[in-house]
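Right, one structure below, let's go through it.
Residue numbers (the UniProt record's numbering), protein chains in the order written: chain A, 1 to 752; chain B, 1 to 464.
Here it is, written out as structure tokens:
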């Protein structure tokens, strides 16, 4: 690096077109970095769909591509929720699948035949590039100067922050993959519409809001945040016709758009979550009316009029809302919503929501883990918004407040916080850099907008003594202090990149379908039990063999094994899930009729005892018990699965209810045979198991995967001779039937 | 074409060999092959009906019910043996496996020879109780043959058996005057299971006792069973329709009691009907009687203007659907149309978890033939989407089991299957509202565009 070339670079950065070119190049590089950092999983493992929900989305996409849009729209899925079926076309957010379908067909028209799986796998990284661009646009709306440094930094942060990567690595084919882009872009369009008071931008905002509604249930966040922003603006006395135009355009068109999605339907006018938007819409009309009246009548009368009018309207609206809610016209707040206010609500009332780990309250280290440096720059950025508080800055403040709250109560909502953190942090950093990267003192009124940190460090030694000037401008002008601050920031940013890469590579890039472990020599060992077992199901069972498993594995069985399941991750029917929970947690005599009634052919359990895999069914078992207890409190009792001392045990001390439960029996059936007598060990719970393993009468072992993670049992048919399974199995084992003809008690006569 | 071919094949099979629907390989197990002389008429009748009869003794080395995992015989007749056990080739587990593989067994017991242990535990599995000491004798002091058992009263004379319920088909009864002789037999009691049915029950005055122990009188505590609780000939039909029959008295199958002269207590002389009864019992056991066959099942949409596809996999809620099932019954040598007994109905269930419809199937004379009766019913699919089963579950005593399940999905209304909004009168106010708004908007636009603004007020009108 010579001084000459630096000069050339600095002067080149001054031209307007050069700057645009630079921005485009930088944005492209950021998008490239965002995509590249999400490819760890593909490189380490393979191009595979991850986890649970993506498998359903993938299956739905395949259905869409194979059958066309209208078939997809009216899709009745008879391979899930047996025997209820699922009106899948009307109970999903089709945005993700339609997006991939459109890309697939577009590529085919361009004669680029790409497998639909690869499109699905790479959709999330591709959209993360767009999200970075949207963050750039949104942040640029926040800065008044011509400088794009805040926008570019925001784009960079958005591209690589782990809080967003966690839901958008390659293979994580979930609604969030495109929803975060839509969220940020809708916000950008909203700010644009608000700033310009333009119907066009408002309509565009509504359009993307409609796309967002079609893609993710989290659209309610926008539905509540925009009215809130409008409300805060009105309360601050910032009502303007711009606000009126932007809001009314967005609300009217956006609501119409959202009602086109079958899953949403009439919810926007029926449920409480959507009422703020409707209320503010009405409120804006009143405010507009009032401002018209104010221009028409004198001030004093207007005061009285205002108070009477406002009070009356508020009372009428509130009464209307209360009556409509109690009459059942407007649905009361849903359980998921309550759990947002009271984090222990779900644990008490709706175990099915609490049982999902991503619905748990966030632990504080998670904030640092997911956002690192940004989390402490975030308040600074919000503070900077207060400094020049325009309408759009109010938005950032409101968003920051609510985003932080929701991210605090639910882990998965960290995702909605991430964009505002990136924007605010970018504002803070760019403000620091813009301040300290100015090499020259303000004495010559020439703003030097250098892009490169190294430029300042090169020049810092040559000048000095600015402090002594008697100019009224205050600030830090010493090159040393500038250099220290800039160097520190640079190091922080570099550390941030390191952290992001490390987190992405280590925490968020596991497909969780395939497990990886290290061999003693350090080489990677792939544990592929899931796919092994699902492949077995695919090849060895009838095509309509019904598989019963806990709901976590429903989507995977549907996607990988292509077999009907009883319950899956959609969890729309709590009773059906509780039925499976009851079958798993009851004695065989109770479970068997349930399985017969539901035509179950195979039962699949996940057992980690051999490998020390902690996410297995025995560890999830208490949730099954709790959910079943919610429906049948007389038959299933959680208390009975704990020892008198309150311990949850699976060894010899386990309670009778535990030992007799189908889940326990299926998990430990024949497990003893793997060990020398008396040494059977469960490596997850770290306990030694009793010498005699459980016996199964109504099921027979069909398949156990290599590392015993998946165990599949076949449900026996009714006994051909009409015996119950216990005695039939006893006869098979060679036990003689006890003679029950001793003359005790009254004689039992046969009646014909 | 296919049905014609299979019918032809069936015809061929009927003509060529067996008259049983499941095969003609019959094994008779008895102590001494020479003993078969006393059963010559019974066995001769069987051979005459087309069975190829083989004989074995229980201890024989060559005896095996299975060959390469498949049944080596289709039917087995056990005649009384003196041995206590039956040896390694006839363990209860093997006999159960034989039944599970659709083999039929006719077991003849006798009061004079103790029942082998193998059978005791086999019968215990079927919920059939034998008397404790395995050698009890059934006597009746009011219905006995005065000619042959004037002192011991142990040759029972029974009227022709009649079904215990009016909706059960009568397979075993002969003419109303005929008598059955039941000499020196063993009575068993049956458990409450629905797979068990008694063919011949003892008269109300009969009882079972052990002649060796209680020669004088039987106390009520020691009594094994009495009256109609004693089953003299009883039948067990497994879920796979394999049949197992116990005849309490092997002697009644012997030549001596076929067409024998007996004399009732009242003094009348008559000929026994044992030969005919033996034919019917063995015929039922070896699947020559009361075998039902489902020829085909068909269901289709019963609506106008719709492609009328057979057996579609999916229906829509509130569709009109017709279901038909064709049933034949085998009687001795040919398939005939199955007629449901007078007081009974054949029902169709349309069920998901529990039945939404349970409808009687009615015989459709137009489609029925001499060989097959077609039962049909039309109904409307319930307003509930899901995976439903057309289920016919017809299990009756002495008839082989019919359990047919056809799964269909019932989907919801597609988005374009609802009536259009203008077809619903309730929607007219809203439609006219939309029309009024559109018209008003257009009128306003026209007015706005064609009314020239006045010069003065131009500056203070600011709408946007």
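C-beta: ideal position from N, C-alpha, C; glycine also.
C-beta contact flag for residue i and residue j at 8 Å
i: residue 714 (chain A); j: residue 725 (chain A); result: no
i: residue 72 (chain A); j: residue 89 (chain A); result: yes
i: residue 328 (chain B); j: residue 298 (chain B); result: no
i: residue 720 (chain A); j: residue 100 (chain B); result: yes
i: residue 90 (chain B); j: residue 138 (chain B); result: no
i: residue 466 (chain B); j: residue 202 (chain B); result: With chain B represented from 1 up to 464, any question about residue 466 (chain B) goes unanswered, as that position is not in the structure.
i: residue 331 (chain B); j: residue 370 (chain B); result: no
Any C-beta of chain B under 8 Å from that of residue i
i: residue 529 (chain A); result: no
i: residue 750 (chain A); result: yes
i: residue 639 (chain A); result: no
i: residue 101 (chain A); result: no
i: residue 250 (chain A); result: no
i: residue 202 (chain A); result: no
i: residue 551 (chain A); result: no
i: residue 266 (chain A); result: no
i: residue 263 (chain A); result: no
i: residue 456 (chain A); result: Residue confidence is low: residue 456 (chain A) scores 44 on pLDDT, short of 50, so the model does not pin down where it sits. No coordinate-derived value is stated.
i: residue 731 (chain A); result: yes
i: residue 307 (chain A); result: no
i: residue 623 (chain A); result: no
i: residue 73 (chain A); result: yes
Exposure label - residue i; buried when at least 16 CB within 10 Å
i: residue 360 (chain B); result: exposed
i: residue 461 (chain A); result: Interpretation of residue 461 (chain A) is limited by its pLDDT of 42, a score under 50 that renders its predicted location unreliable; the figure taken from the coordinates is listed afterwards. The residue in question, residue 461 (chain A), is exposed, as its Cβ has fewer than 16 Cβ neighbours within 10 Å.
i: residue 691 (chain A); result: exposed
i: residue 686 (chain A); result: exposed
i: residue 269 (chain A); result: exposed
i: residue 405 (chain A); result: exposed
i: residue 292 (chain A); result: exposed
i: residue 152 (chain B); result: exposed
i: residue 151 (chain A); result: buried
Residue i at chain A interface by Cβ criterion, 8 Å
i: residue 427 (chain B); result: no
i: residue 125 (chain B); result: yes
i: residue 297 (chain B); result: no
i: residue 205 (chain B); result: no
i: residue 409 (chain B); result: yes
i: residue 385 (chain B); result: yes
i: residue 309 (chain B); result: no
i: residue 100 (chain B); result: yes
i: residue 97 (chain B); result: no
i: residue 252 (chain B); result: no
i: residue 229 (chain B); result: yes
List, from N- to C-terminal side, the beta strand (DSSP E) runs of 3 residues or more that fit wholly inside the UniProt domain "OST48 middle" (308-451) of chain B. 314-316, 320-331, 334-337, 347-352, 354-360, 373-380, 386-394 and 402-411
Residues from the region 73-91 of chain B in contact with chain A, defined by Cβ distance under 7 Å: none
Of all the residues that make up the region 75-94 of chain A, which are near chain B by a beta-carbon distance shorter than 8 Å? 76, 78, 82, 83, 84, 85, 87 and 90
Name, going along the chain, the residues of the region 584-611 of chain A whose beta-carbon falls closer than 9 Å to a beta-carbon of chain B. 597, 598 and 599
Check each residue of the region 233-249 of chain B: if its Cβ is closer than 7 Å to any Cβ of chain A, include it; give the result in chain order. 238, 239 and 240
Restricting to runs no shorter than 3 residues, where is the beta strand (DSSP E) found entirely within the region 480-523 of chain A? 515-518
Using a Cβ-Cβ cut-off of less than 9 Å, list which residues of the region 153-166 of chain B approach chain A; keep chain order. 164 and 165
Completely contained beta strand (DSSP E) runs for the region 158-196 of chain B, where each covers 3 or more residues: 179-183
If the cut-off is 8 Å on Cβ atoms, which residues from the region 106-140 of chain B count as contacting chain A, listed in chain order? 121, 124, 125, 126, 127, 129 and 132
Please identify, using Cβ separations under 7 Å, the residues of the region 714-726 of chain A that lie next to chain B, in order along the chain. 718, 720, 721, 722 and 723
Name, going along the chain, the residues of the region 183-203 of chain B whose beta-carbon falls closer than 9 Å to a beta-carbon of chain A. 189, 190, 191, 192, 193, 194, 195, 196, 197, 198 and 201
The region 411-435 of chain B: which residues have C-beta closer than 7 Å to a C-beta of chain A, in chain order? 411, 412, 414 and 415
Which complete beta strand (DSSP E) runs does the region 698-736 of chain A hold, if anything under 3 residues is left out? 699-704 and 710-715
What are the residues in the region 114-136 of chain A lying within 9 Å of chain B by C-beta distance? none
Of all the beta strand (DSSP E) runs that stay within the bounds of the region 217-242 of chain B, which reach a length of 3 or more residues? 231-237
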